[in-house]
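*Asks:*
In the working numbering, the protein residues as written are 135 to 567.
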């Protein structure tokens, strides 16, 4: 991929080259804006390592208008970007092991009806019509046929290439060291390889966003959780539906392999930020404590060392650990594979072709942060997607570009404003997946 490394001025600098950052760059460049994207590689973190689910099902009602439009966009992305992103509109099935879970799904049906989704609750005898040969003793599930899935790496790469084709510049291995300001407004950025003057900076830095915000005196509550994902060896096609069960989530790719993960089970590597932001996240941690495994080790020691006065990590928070490669949890890979074989007993024995882990950034209310920071003109947040931002990437990028170019996005994003944290307007998470 070609990159332009000499621009010293831009209309917008995008920090972060995941799907949100690259989609933002694409839509801005298409509108004629001079855009520079700064980060490690494309895609480097969550946008390379996520499940690939594109679902409307089970979301917080606040996200639904955005996801309806995002779903429409996904259906035409391969044509728009001129790339194979392995888009498959095969639906999404969430499985329930007991009636308590089914009741949770039923509580979400009014949201589906409000937004016109054909979501249905299925009883046990109906599940095989969606996923042939499905076993496991489930009492039922929730199914939305219009959802889908795609390849995360191919999709982000396609947005990056399309942005380049419209004149954007991408800088790899070139982290932002600081954002420069003047008279309460953004003035540009200082990178490892020089300064870029720009009146607008988009913070699409994923798990690094709180670090960048902190350098500007902006307190963005954000927790990191580590998800483990694996890819199996290929087998003949079984289902086009993405499936989310209690013990495993999976989707079958075009080559017949499965992307698998432990159905929502997450590892939390405790850091200094975990303690700093405990008040924001403790209620959700407590409510979902069965989902999390807490680890005290190298990340905590590294974060403590980074807090020392004069440390390189404190001076340059986005350069330190620029490309995070956390270790996958091998036990979760084994359990996920065993659970997949249990649910689909007709499958031949599967092997693991590859495994990986990535850090997910999460907001206290599990909905994103979108919009300009009121304290600093020109500093725009596009972060906090809480583990389900891949699906929202295209619409988030378009809305941020509209905010910058037109002054107002085509959909209401006020519920995602950064100021909600200072206002105390943090709602309880209302998603069921």
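Virtual Cβ for every residue (Gly too), placed ideally from N, Cα, C. Just so you know, these numbers come straight off a predicted model, no measurement behind them.
Enumerate in chain order the residues of its own chain whose CB-to-CB distance from residue 138 is below 6 Å, with the five nearest sequence positions on each side excluded.
*Replies:* Because residue 138 carries a pLDDT of 49, less than 50, the predicted location of this residue cannot be relied on, and no value is offered for it.
*Asks:* Report the rounded CA-to-CA distance for residue 379 versus residue 200, giving the unit in angstroms.
*Replies:* Taking the straight line from one Cα to the other gives about 25 Å.
*Asks:* State the Cα-Cα distance for the pair residue 77 and residue 386, rounded to the nearest angstrom.
*Replies:* An answer regarding residue 77 cannot be provided, because it is not within the stretch 135 to 567 covered by the chain.
*Asks:* Return helix, strand or coil for residue 326, following the three-state DSSP convention.
*Replies:* In this structure, residue 326 counts as coil in the three-state DSSP scheme.
*Asks:* Report the rounded CA-to-CA distance for residue 209 versus residue 443, giving the unit in angstroms.
*Replies:* About 50 Å.
*Asks:* Would you decide whether residue 470 is buried or exposed? Buried here means 16 or more other CB atoms lie within 10 Å of its CB.
*Replies:* Buried.
*Asks:* For residue 382 versus residue 477, is the C-beta distance shorter than 8 Å?
*Replies:* Yes, the pair counts as a contact, with Cβ atoms nearer than the cut-off.
*Asks:* So residue 236 and residue 228 are supposed to be a Cβ contact under 8 Å. How far apart are they, rounded?
*Replies:* Contact flag wrong, Cβ pair sits at about 10 Å.
*Asks:* Looking at the ligand SAH, does it come within less than 7 Å of residue 475, judged from the CB to the closest heavy atom?
*Replies:* Questions concerning the ligand SAH fall outside what the structure shown contains, since it holds no ligand whatsoever.
*Asks:* Closest by CA to residue 283, which one among 218, 158, 560, 518?
*Replies:* It is 218 whose Cα lies nearest to the Cα of residue 283.
*Asks:* When you compare each of 250, 239, 354, 189 to residue 222 by their alpha carbons, which one comes out closest?
*Replies:* Minimum Cα distance to residue 222 is reached at 189.
*Asks:* How about residue 292 and residue 154: do their beta carbons lie closer than 8 Å?
*Replies:* In this structure, residue 154 does not lie closer than 8 Å to residue 292 by Cβ.
*Asks:* Check each candidate in 310, 482, 362 and name the one with the smallest Cα separation from residue 579.
*Replies:* Here the chain has residues from 135 to 567 only, and residue 579 is not among them.
*Asks:* Which residue's Cα is closest to the Cα of residue 280: 359, 300, 207, 151?
*Replies:* Selected option, being the one with the closest Cα: 207.
*Asks:* Identify every run of the alpha helix (DSSP H) within the segment 274-336, keeping only runs that are complete inside it and at least 4 residues long; order them along the chain.
*Replies:* Entirely contained in the segment 274-336, the alpha helix (DSSP H) runs reaching 4 residues are, in chain order, 286-299.
*Asks:* First and last residue of the alpha helix (DSSP H) that includes residue 172?
*Replies:* Looking at the DSSP string, residue 172 is not in any alpha helix (DSSP H); the run it does join, the beta strand (DSSP E), is 169-172.
*Asks:* So, using beta-carbon positions, are residue 467 and residue 364 closer together than 8 Å?
*Replies:* Contact: yes.
*Asks:* Evaluate residue 509 with the Cβ neighbour count: other Cβ atoms within 10 Å of its Cβ, from every protein chain shown; 16 or more gives buried, anything less gives exposed.
*Replies:* With fewer than 16 other Cβ atoms within 10 Å, it is exposed.
*Asks:* What is the DSSP secondary structure of residue 200, counted as helix, strand or coil?
*Replies:* Residue state, collapsed to three classes: helix.
*Asks:* Go through its chain and collect everything with a Cβ distance to residue 528's Cβ below 7 Å, but skip five positions before and after it.
*Replies:* Excluding positions up to five away in sequence, the list reads 157, 204, 207, 208, 211.
*Asks:* Within the continuous beta strand (DSSP E) that includes residue 342, where are the two ends?
*Replies:* Taken as a continuous stretch (DSSP letters only), residue 342 belongs to no beta strand (DSSP E), as it is neither H nor E.
*Asks:* Shortest alpha-carbon distance to residue 563 belongs to which of 499, 263, 253, 373?
*Replies:* For residue 563, the nearest C-alpha among the options comes from 499.
*Asks:* Less than 8 Å separating the beta-carbons of residue 220 and residue 489?
*Replies:* For residue 220 and residue 489, no; Cβs fall outside 8 Å.
*Asks:* List the whole-angstrom C-beta distance separating residue 145 from residue 169, where the pair is believed to meet the contact cut-off of C-beta under 8 Å.
*Replies:* Indeed, because the Cβ distance is near 7 Å, the residues count as touching under 8 Å.
*Asks:* Check the C-beta distance from residue 520 over to residue 533 and give it rounded, since I have them as a contact under 8 Å.
*Replies:* Contact flag wrong, Cβ pair sits at about 17 Å.
*Asks:* How far does the alpha helix (DSSP H) with residue 470 in it extend, from its first residue to its last?
*Replies:* Here the alpha helix (DSSP H) through residue 470 covers 464-477.
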